[in-house]
Every structure is written in C-alpha cells, then in structure tokens.
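This report refers to the structure that appears directly beneath it.
Number of protein chains: 2
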Amino acid sequence: MDRDTGRRLRADAEHNTARILAAAEEVLAADPAASLERIGEAAGLTRATVHRRFASRRALLEALTEQLNQRYLTALDQSRADGAPPLVVFRRLTEIVFELKAGHRFAMELMSDEAGCHGGLTPEVADGLEEVFALLREAGEITATGADWCRQVYLALLQEADQLPEDAADLVEAGRSKAELVVRAVVGALGGQGSRST
Amino acid sequence: MDRDTGRRLRADAEHNTARILAAAEEVLAADPAASLERIGEAAGLTRATVHRRFASRRALLEALTEQLNQRYLTALDQSRADGAPPLVVFRRLTEIVFELKAGHRFAMELMSDEAGCHGGLTPEVADGLEEVFALLREAGEITATGADWCRQVYLALLQEADQLPEDAADLVEAGRSKAELVVRAVVGALGGQGSRST
DNA sequence: CTTAAGTGATACACACCTGTCACAGTTAGC
DNA sequence: GCTAACTGTGACAGGTGTGTATCACTTAAG
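Top line first, the protein sequences correspond to chains A and B. Take the first sequence: its position 82, counted from the start at 1, is 82 in the numbering used here, and no numbers get skipped. Take the second sequence: its position 52, counted from the start at 1, is 1052 in the numbering used here, and no numbers get skipped.
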C-alpha cells in the first residue's frame, strides 16, 4: 500500500497515509479527475507528501480500491456471521456498506479496466456478493440468475440511493432508511422475472 | 449548435458536425475525459476541424446534451402517441432509447453540474419522464412517489443493461430483449414499496 | 537529548489538452 | 469552370497535472 514496502513507517506517517486515502475517497467521489493537489489539500498535506506515500496516481488508486475491496469483504463476513435469513443478511450488508459511506463506485470504475471486468471489484468480493444473491435465489426472494446483472443492479442502486437527498419523498414517506429502500428496490428489480407477460 | 450561428453551412460541413457529435457520443461513453484529438480521429477529422464546428470543448458537450435531450423528447412523444396502456408506453420508450444507443449517461453526467440537477436532463425531459411514471403509478404498476428516485433508477438500470453482454444469462434464458429486462427491473424496483415488512 | 524520519516549500522537466492562427490544398455550389 | 467555403497541416502560447529532487524545518522514537 505504501511506497517503501521494506521499512516500517513512523506513526504519524502511517496516520497520514490513511488521511490521504480518506481524502482521496471523498474528493474523487465528487470529481473522479481531481488532481493530487486537491486530494492532498483535502488531507491537510502537500502534493509532495502524497507522492512520498504513493509513488504515482495509479498507485494511490490501486491502494484505494484495495482498501475498498477489503471493506466489502469484511462487510460480507459480518453480514453472514450467523445463519440469518437471506433477506436479513442482504439488509445488513447494505446497511454496513452505507455506513462506511464508501462513495461506492467512483474509484472502482476508474480501475475497472484493470482486473477482470467485475466493475473494479476483486473476484473474491464479486464471488461473495454472488453467494448472497444465491441465498436470496434459493429463498425465492429473487429469480434473476445472472451474477453480473445482479451485482451491477445492486451497485447501481446503491449509488443512486447514496446520491438521494435525505428528504426524498420515498424516504420520509415511510420513514425508511436508504438501506431499506435499496434492499426493496433490488429485490423487486431482480425478482419479477417470470411473473407477468405484457 | 454550430460555431457560426448566423450563416448557413455547406452540406459537407453540416454532415461533419453530425459525425463529430456521433463520434463524441461513442468516444466519451468509453472515456469521459477523452481529448478532442481522439474525438476528431474517431470522426475521421482533425482536431482543428472540431474546433471550427464547436468553439470549445464545453460547446461540444452542450450540443451533445442538447441533441440527446431532443432525442429523449421525441422518444417520449412517439411512445405516448396513442393512448396505449402505461406499461406499453414504458416499454416502447425503453426500446426507442435502446435503439438510438445513446450510451445514455456519459455526457449528461459531464454537464450535470450545469442545469437544475436533473442528472443532465432538460426539465422538459425530466417532466416527460415523470408523466410516464405518473401513468404507471395510477395504473398501479409502481408505487414509488419520488420523481427523482424513479428517474435515477430508470437511467441507472438503462445504463447497466446497456453494458450487459449480449449473451448474459438473464437475457438468453428467457429470450428477452434488454428493453424488456429493464422494464421489468424498473417496475419491480419501484413497485414493492408497501408490500412486505422484512 | 539526540538522531533519524517525515514534512513543507520550491523549483524543474515533461507530457498532455486546449484554443488560436496562417497557409496551402480540396471540394461543394452556382 | 469559378468562387467561396471547407479541410488538413503545422505551429504557437497558455494552462494544468505529473513525477522528481533539493533544502530547511519539525517531530516522533530510542
């Protein structure tokens, strides 16, 4: 994750790398083409320092996606900890993802041309998501079979809900959280596959 | 739409502006930060010519969004021509949008900070979309009330379906078109608002 | 306290994109 | 065919982001 992988970092330095990653997360979410200058500024540091921690812009993005993938992995583990019903697992997962406010896609799409076209997600994360969808499928909550379609729909609706203002009609009306809104929308989107015949 | 608004253009020149817009549509869909050089190259023209037709990059993007909004408007008119059932109207609209393969969002999001935060869409287009959703709502097909949420979900799923490979499981399995997939997914996503209680 | 590590400030080279211009060659339109 | 319009080529200036390096200063860690 850091430029000098061999030696150990001083405490403040390691703290700053975290600040840079956090700042990059926030700034790049608003503007994916933001300069390292602006990222450093948001982190309260200089551009030079950003370059000391991350050799190149590319390296920073890689570290960022790695961090996000790690968060997704732990979120998957936490939500599947006990043998809860699939829909509960799915709701938990969504809540956790919203809590870590990852600005979800931004960086992933930046690196999407990198790895195996899973939308920037590590294969492990993609597989973990697919397992959750498989649970929902077995429980009869959804009927869509394509792993790619399920994943993309989920990520897309996560992003849209995230950008939704807090006072949106669909939220205040029923007093629901964004996570619940996303859960219902995703289940609905992936669930009505064979019901009607229009 | 063109640099010199006062005089009429020669036939080939006008033809080239269309090529530039088409090329921009395609190239910017793949890379929103693509240079005018690459856009011109994709159009079989030089960067200088691009600048002759469009005074600045900004002007090109504005013309592009204007063109897309115009297409959306005509698509809305066509789909609502006769008094067809709401679900049929919605399906028609989606099919038309897919046919003109607009690479839907790309440019809209680029200009989204411009106008009134409707995701790059003209107020007229946003209103037209909302009318379609109102029809679906009255017919009991959907229950979501937020215009923003409905629109964003629709646009997001349009984009995801567009990027879906032709041989995706959810498509070949039932022999359905992408348009039908989107229609069902959107109706499902916006329709299950008050049914269950997790 | 002392040392090594980290940072800020500054400067530099490099590359890319934008916008404009001038000039020569080509093409549409009458 | 003639003329005006259009394009290609090449060049230029200005701006911005990247990556590197140096020096003085501050701070964590032993």
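Virtual Cβ for every residue (Gly too), placed ideally from N, Cα, C.
What does the alpha-carbon distance come out to for the pair residue i and residue j?
i       : j       : result
A115/A  : H51/A   : In this prediction, A115/A scores a pLDDT of 48, lower than 50, which makes its location untrustworthy; the coordinate-derived value is nonetheless stated afterwards. Going from the Cα of A115/A to the Cα of H51/A covers about 24 Å.
I39/A   : D162/A  : 22 Å
E1095/B : A75/A   : 37 Å
T143/A  : F90/A   : 15 Å
L1064/B : E131/A  : 41 Å
R1057/B : A30/A   : 21 Å
L45/A   : A33/A   : 19 Å
E14/A   : E37/A   : 19 Å
L1135/B : L1068/B : 23 Å
S195/A  : L1061/B : Reliability fails at S195/A, whose pLDDT of 44 lies under 50, so the model's placement of it is uncertain and the value that follows must be treated cautiously. The straight-line gap from Cα to Cα measures roughly 42 Å.
G1119/B : L1155/B : 9 Å
G128/A  : A1081/B : 46 Å
D1170/B : T145/A  : 6 Å
L121/A  : F1133/B : 33 Å
V1153/B : R10/A   : 46 Å
A23/A   : P86/A   : 34 Å
E1041/B : S1035/B : 10 Å
V88/A   : V97/A   : 14 Å
R19/A   : L158/A  : 25 Å
R1176/B : V1183/B : 11 Å
S1197/B : A126/A  : Only weak support is given to the placement of S1197/B: the predicted model assigns it a pLDDT of 42, under 50, and the question is left unresolved by the model.
A1059/B : S1079/B : 30 Å
E66/A   : D1012/B : 50 Å
A1189/B : L1021/B : 33 Å
T1178/B : R1092/B : According to the sequence provided, residue 1178/B is Lys. The question's Thr does not apply to it. Each residue's alpha carbon lies about 12 Å from the other.
V172/A  : V1172/B : 39 Å
P1165/B : D1077/B : 29 Å
R1047/B : A1055/B : 12 Å
L1028/B : L28/A   : 19 Å
For residue i, return the contacting residues in chain B, with the cut-off set at a CB-CB distance below 9 Å.
i     : result
D82/A : Chain B residues near D82/A: none, gap ~16 Å exceeds 9 Å.
A11/A : Ordered by position in chain B, no residue passes the 9 Å Cβ test against A11/A, which lies about 37 Å from the chain.
Report the neighbours of residue i on chain B: residues whose CB is nearer than 8 Å to its CB, in chain order.
i      : result
E160/A : W1149, Q1152, V1153 and A1156
A29/A  : Residues of chain B passing the Cβ test: none, with the nearest at roughly 13 Å.
A216/A : Nothing about residue 216/A can be read from this structure; chain A reaches only from 1 to 198.
Given that residue i touches chain B, what residues does it touch there, using C-beta distances under 7 Å?
i      : result
G191/A : G1188
A24/A  : Under the 7 Å cutoff, chain B gives no residues; its nearest Cβ is about 17 Å from A24/A.
A179/A : Per Cβ cutoff of 7 Å: no residues; A179/A is ~11 Å from chain B at best.
A75/A  : Here the premise fails: no neighbours, minimum Cβ distance about 19 Å.
Taking residue i as the reference, give the member of the options with the closest Cα.
i       : options                               : result
G1191/B : P1085/B, K1101/B and R1137/B          : R1137/B
E160/A  : L181/A, G83/A, L100/A and L121/A      : L181/A
E1199/B : R1071/B, A1011/B and A1059/B          : Absent from the structure is residue 1199/B, since the part of chain B shown begins at 1001 and ends at 1198.
A1185/B : A1084/B, R1053/B, C1150/B and L1009/B : C1150/B
L1073/B : A1059/B, Q1152/B, T1017/B and L1100/B : L1100/B
R7/A    : E25/A, L121/A and R53/A               : R53/A
E141/A  : A24/A, D12/A and V187/A               : V187/A
E1026/B : N1016/B, T1017/B, D1012/B and A1043/B : A1043/B
T1049/B : D1077/B, A1084/B and N1016/B          : N1016/B
D167/A  : R1092/B, K1178/B, A1147/B and A1179/B : A1147/B
A1139/B : A1084/B, A1055/B, D1077/B and L1093/B : A1084/B
Name, please, each residue of chain A whose Cβ falls closer than 9 Å to the Cβ of residue i.
i       : result
L1164/B : G146, D148, W149 and Q152
Just to make sure I have the definition right: I need the residues of chain A whose C-beta is within less than 7 Å of the C-beta of residue i. Which are they?
i       : result
A1033/B : A33
Closer than 8 Å by beta-carbon distance: list the chain A residues that pair up with residue i, in chain order.
i       : result
A1018/B : Correct list: empty, because the minimum Cβ distance to chain A is about 28 Å.
A1042/B : Under the 8 Å cutoff, chain A gives no residues; its nearest Cβ is about 18 Å from A1042/B.
- Message: Output needed in chain order: residues of the stretch 1115-1138 of chain B with a Cβ under 7 Å from some Cβ in chain A.
- Response: none
- Closer than 8 Å, Cβ to any Cβ of chain B: which residues of the stretch 52-65 of chain A, in chain order? none
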